[in-house]
């Protein structure tokens, strides 16, 4: 058995002033490891294992550092019995292997700097890919300090590769049969009028038409945001102990992804960012003012900004600083102060919801992605709206405001800019507005057909899609150098007391630029270029006269369901691994050791070994929906079934390749 | 000129009466003593007068506010007849159209008057028109009510 050659990074002399301790503990439950400890005064002892292990036990050497493990990827064979000898080269770290080591609540493995920890032997009896995680808060990017252990033969990976190809081909076979207006066998015409469902419908209708509804859901979220901001500035600088990080970037971030799929832009219903501005401008918290004089300047919103570009680019910018944003409470606090200030000011200068439509980065992606939602606010019968002259849904009525999102709700057929404020439900005197539940992707084909110059929406899709895959790789992948680049450097932030705003060195800034160019390059240039190339091929294969630009823009809408499922995968990963942080943050919002609600949970990932299965499955579903959506779009755009199928088969190849890449990232 | 104005006013009065008779008075619920107040009978018109006056006073846009007043009229009728919605588009359009016309008429009156006295004060041109309106509608309503009672007998 050869030693794993692991030391790629040279340890600096200063950092090597340490003593090594070997701790030995034994456990008896199945594969649970025996944890051993002993002391050594030199690093050589780490490499020169003094113990005589039986021949069937393999020794693997791991170096833990901020924020990764060396080696990043370890391969073992099924049935191997392995002892890990671990040292830390900087601060105290922890060690946890998904599905193999005991729960960190029962037994936390601590690796102090300068000490050798020996863990094992662990018998790797389950094949697949498992994460090694740090279980002791060690710095800003601690939650994302991960490495990989592959237990070969990695059947999970191979079966998901085959599964991806099989589902991709199956979807193509399905669309070859020419299903018209269907999504994976379900008619896109089928809709449920939620407000007329017996039992729940009338209750829901009364709630949504109640003028106090919006205020009732807004003030709790405003209160939570107030806590987020205060916690950001005065709370514990350790991100996972701070409400502003734990609740926003774990709970909110994950829930919004599910919300998009199941409830469209429901987040926009409860979003407090523009609320203060809205209350000031309307001079009312809930009701409709008897005279429609607004406390607002009513300046005209620039036509050039009346699209998604600004929101999309701000979303990308936020993504470029995401390693800082999701780990430094003060950065999050600052961001929300700025967003609330801008939301309030813009509501007063440029009412009504121009901020939400064109500026808000969250609004941009939620709006874009919610077109794949099963939830929509629509007119029951558009012909009634056409006949009705008053158009209260635009102009407003004594019962409700005209659409603050500048839409004609009676005629709109996409979710992009519908903020689900339900004012149209209140203002319509004909009771013609309702909430409809429908199949995913219903609106995509006709949206795509109209999208002749909507580059903003296409690029929003590319940014979201590439970032979805990229985040999984960055935050749950073994490659610590990517995280280091995004984190503006290597090893800074070691001092836990100062992990608020840190000043990175020149090297850190240079690294960040590398990261920014990489992320923005992939999202804005590389993937769109690949997508354009495939669109061009699909045009050639379909033998159509449509300009490639139109095909390219139209097919970009097929990415929306894919995006929703990729991000749902990311959300699942966040929730399963970090669920304890946000729940505990409600009990101790500032990380000061409070226990307000009487519960506190320690970090204890929930069935983390299932993540490769869940994530790969979600990406495969997304892929199938994207292929079917491409066909529906092509059929509407190109006319006949044959042309549509030929065009789809080219784009399907791209979707399958991306799904394979995703499966490789999560399970390979 | 004055005759033209009077004719316009008369035509408007009749339009309002007709739409209220068909869409409002017929659906009104009488009280225990088989009575209805004068205020209730002309409530939608009053609401439009009130709204237009407030909007005009607040220096709002005439076109948009008179159109909105159509909805004020419509909602006042719906509210008066104990409804939140109507499923009849024709009814909604009719009420909106008449309400809008009424609002334009009132707005023009306000623009012409130098002082723009409050309709509620009972003085000034607009107050006079309001008085005429409510009296006219009350008389018309009584005849409708009388016919209705006759039919019921």
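Chains as they are written, first to last, in this note's numbering: chain H, 5 to 672; chain G, 199 to 351. All residues carry an ideal CB built from backbone N, CA and C; glycine is no exception.
Cβ separation of residue i and residue j, assumed to be a contact under 8 Å, to the nearest whole Å
{"i": "residue 612 of chain H", "j": "residue 102 of chain H", "result": "4 Å"}
{"i": "residue 548 of chain H", "j": "residue 647 of chain H", "result": "6 Å"}
{"i": "residue 242 of chain G", "j": "residue 266 of chain G", "result": "Not quite, the Cβ-Cβ distance comes to about 14 Å (not below 8 Å), so this is no contact."}
{"i": "residue 567 of chain H", "j": "residue 479 of chain H", "result": "Going by Cβ atoms, the distance from residue 567 of chain H to residue 479 of chain H rounds to 17 Å, so no, they are not a contact pair."}
{"i": "residue 252 of chain H", "j": "residue 232 of chain H", "result": "6 Å"}
{"i": "residue 155 of chain H", "j": "residue 132 of chain H", "result": "6 Å"}
{"i": "residue 256 of chain G", "j": "residue 297 of chain H", "result": "4 Å"}
{"i": "residue 139 of chain H", "j": "residue 117 of chain H", "result": "Contact doesn't hold; Cβ gap of about 16 Å is too wide."}
{"i": "residue 210 of chain G", "j": "residue 300 of chain G", "result": "6 Å"}
{"i": "residue 339 of chain G", "j": "residue 239 of chain G", "result": "5 Å"}
{"i": "residue 438 of chain H", "j": "residue 559 of chain H", "result": "The Cβ separation is near 31 Å, so there is no contact."}
{"i": "residue 456 of chain H", "j": "residue 197 of chain H", "result": "Residue 456 of chain H to residue 197 of chain H, Cβ: 32 Å. No contact."}
Proximal residues of chain H, C-beta to C-beta of residue i below 9 Å
{"i": "residue 300 of chain G", "result": "Here the premise fails: no neighbours, minimum Cβ distance about 14 Å."}
{"i": "residue 325 of chain G", "result": "Correct list: empty, because the minimum Cβ distance to chain H is about 19 Å."}
{"i": "residue 250 of chain G", "result": "Result: empty, since nearest Cβ-Cβ is about 10 Å, beyond 9 Å."}
{"i": "residue 295 of chain G", "result": "393, 394"}
Residue i and residue j closer than 8 Å at C-beta
{"i": "residue 576 of chain H", "j": "residue 618 of chain H", "result": "yes"}
{"i": "residue 246 of chain G", "j": "residue 283 of chain G", "result": "no"}
{"i": "residue 673 of chain H", "j": "residue 238 of chain H", "result": "Residue 673 of chain H cannot be examined here, being either before or after the span of chain H that is shown, 5 to 672."}
{"i": "residue 236 of chain H", "j": "residue 334 of chain H", "result": "yes"}
{"i": "residue 616 of chain H", "j": "residue 671 of chain H", "result": "yes"}
{"i": "residue 147 of chain H", "j": "residue 582 of chain H", "result": "yes"}
{"i": "residue 192 of chain H", "j": "residue 446 of chain H", "result": "yes"}
{"i": "residue 260 of chain H", "j": "residue 315 of chain H", "result": "no"}
{"i": "residue 423 of chain H", "j": "residue 269 of chain H", "result": "yes"}
{"i": "residue 190 of chain H", "j": "residue 492 of chain H", "result": "no"}
{"i": "residue 294 of chain H", "j": "residue 302 of chain G", "result": "no"}
{"i": "residue 484 of chain H", "j": "residue 72 of chain H", "result": "yes"}
{"i": "residue 121 of chain H", "j": "residue 86 of chain H", "result": "no"}
{"i": "residue 165 of chain H", "j": "residue 667 of chain H", "result": "yes"}
{"i": "residue 467 of chain H", "j": "residue 527 of chain H", "result": "yes"}
{"i": "residue 372 of chain H", "j": "residue 322 of chain H", "result": "no"}
{"i": "residue 108 of chain H", "j": "residue 606 of chain H", "result": "yes"}
{"i": "residue 370 of chain H", "j": "residue 305 of chain H", "result": "no"}
{"i": "residue 510 of chain H", "j": "residue 650 of chain H", "result": "no"}
{"i": "residue 351 of chain H", "j": "residue 403 of chain H", "result": "no"}
{"i": "residue 246 of chain H", "j": "residue 595 of chain H", "result": "yes"}
{"i": "residue 61 of chain H", "j": "residue 99 of chain H", "result": "no"}
{"i": "residue 77 of chain H", "j": "residue 151 of chain H", "result": "yes"}
{"i": "residue 324 of chain H", "j": "residue 524 of chain H", "result": "yes"}
Chain G residues whose Cβ lies nearer than 7 Å to that of residue i
{"i": "residue 352 of chain H", "result": "Here the premise fails: no neighbours, minimum Cβ distance about 18 Å."}
Contacts of residue i in chain H (Cβ-Cβ under 8 Å)
{"i": "residue 265 of chain G", "result": "394, 399"}
{"i": "residue 240 of chain G", "result": "By Cβ distance, chain H contributes nothing, its closest Cβ being about 18 Å from residue 240 of chain G, past 8 Å."}
Beta-carbon neighbours of residue i, restricted to chain H and to distances below 7 Å
{"i": "residue 273 of chain G", "result": "401, 402, 403, 433"}
{"i": "residue 270 of chain G", "result": "402"}
Amino acids of chain G, ordered along the chain, whose beta-carbon sits closer than 9 Å to that of residue i
{"i": "residue 297 of chain H", "result": "252, 253, 256, 257, 258"}
- Message: When you compare the segment 274–283 of chain H with the segment 333–350 of chain H, are there three or more beta-carbon pairs, one atom per stretch, that lie closer than 8 Å?
- Response: yes
- Query: If you measure beta-carbon to beta-carbon, which residues of the segment 417–434 of chain H are closer than 9 Å to chain G?
  - Reply: 431, 432, 433, 434
- Query: Name the residues in the segment 276–293 of chain G whose C-beta lies less than 7 Å from a C-beta of chain H; which are they?
  - Reply: 276, 283, 284, 285, 287, 290, 291
- Query: Counting pairs of Cβ atoms below 8 Å between the segment 527–534 of chain H and the segment 458–473 of chain H, do you hit three or more?
  - Reply: The answer is yes - the segment 458–473 of chain H touches the segment 527–534 of chain H, with three or more Cβ pairs under 8 Å.
- Members of the segment 378–412 of chain H near chain G, C-beta cut-off 7 Å: 388, 391, 392, 393, 394, 396, 399, 400, 401, 402, 403
- Item | Near-chain G residues of the segment 262–295 of chain H - C-beta to any C-beta below 8 Å | Within the segment 262–295 of chain H, the qualifying residues are 294, 295.
- Which of the residues in the segment 252–263 of chain G, read from start to end, lie with their CB under 9 Å from any CB of chain H? 252, 253, 255, 256, 257, 258, 262, 263
- Touching by the beta-carbon criterion (3+ pairs, under 8 Å), the segment 171–191 of chain H and the segment 620–628 of chain H: Using a Cβ-Cβ distance cut-off of 8 Å, the segment 171–191 of chain H and the segment 620–628 of chain H are in contact, since at least three pairs of beta carbons, one from each stretch, lie closer than that value.
- Item | the segment 630–641 of chain H in contact with the segment 554–573 of chain H per 3-pair CB rule at 8 Å | yes
- Query: Using 8 Å as the Cβ pair cut-off and three pairs as the minimum, do the segment 380–397 of chain H and the segment 582–595 of chain H touch?
  - Reply: Cβ pair count under 8 Å is below three, so no.
- Evaluate the contact criterion for the segment 427–439 of chain H versus the segment 322–337 of chain G: three or more CB pairs, one atom per stretch, below 8 Å. The segment 427–439 of chain H, when compared against the segment 322–337 of chain G, does not touch it at the 8 Å Cβ threshold.
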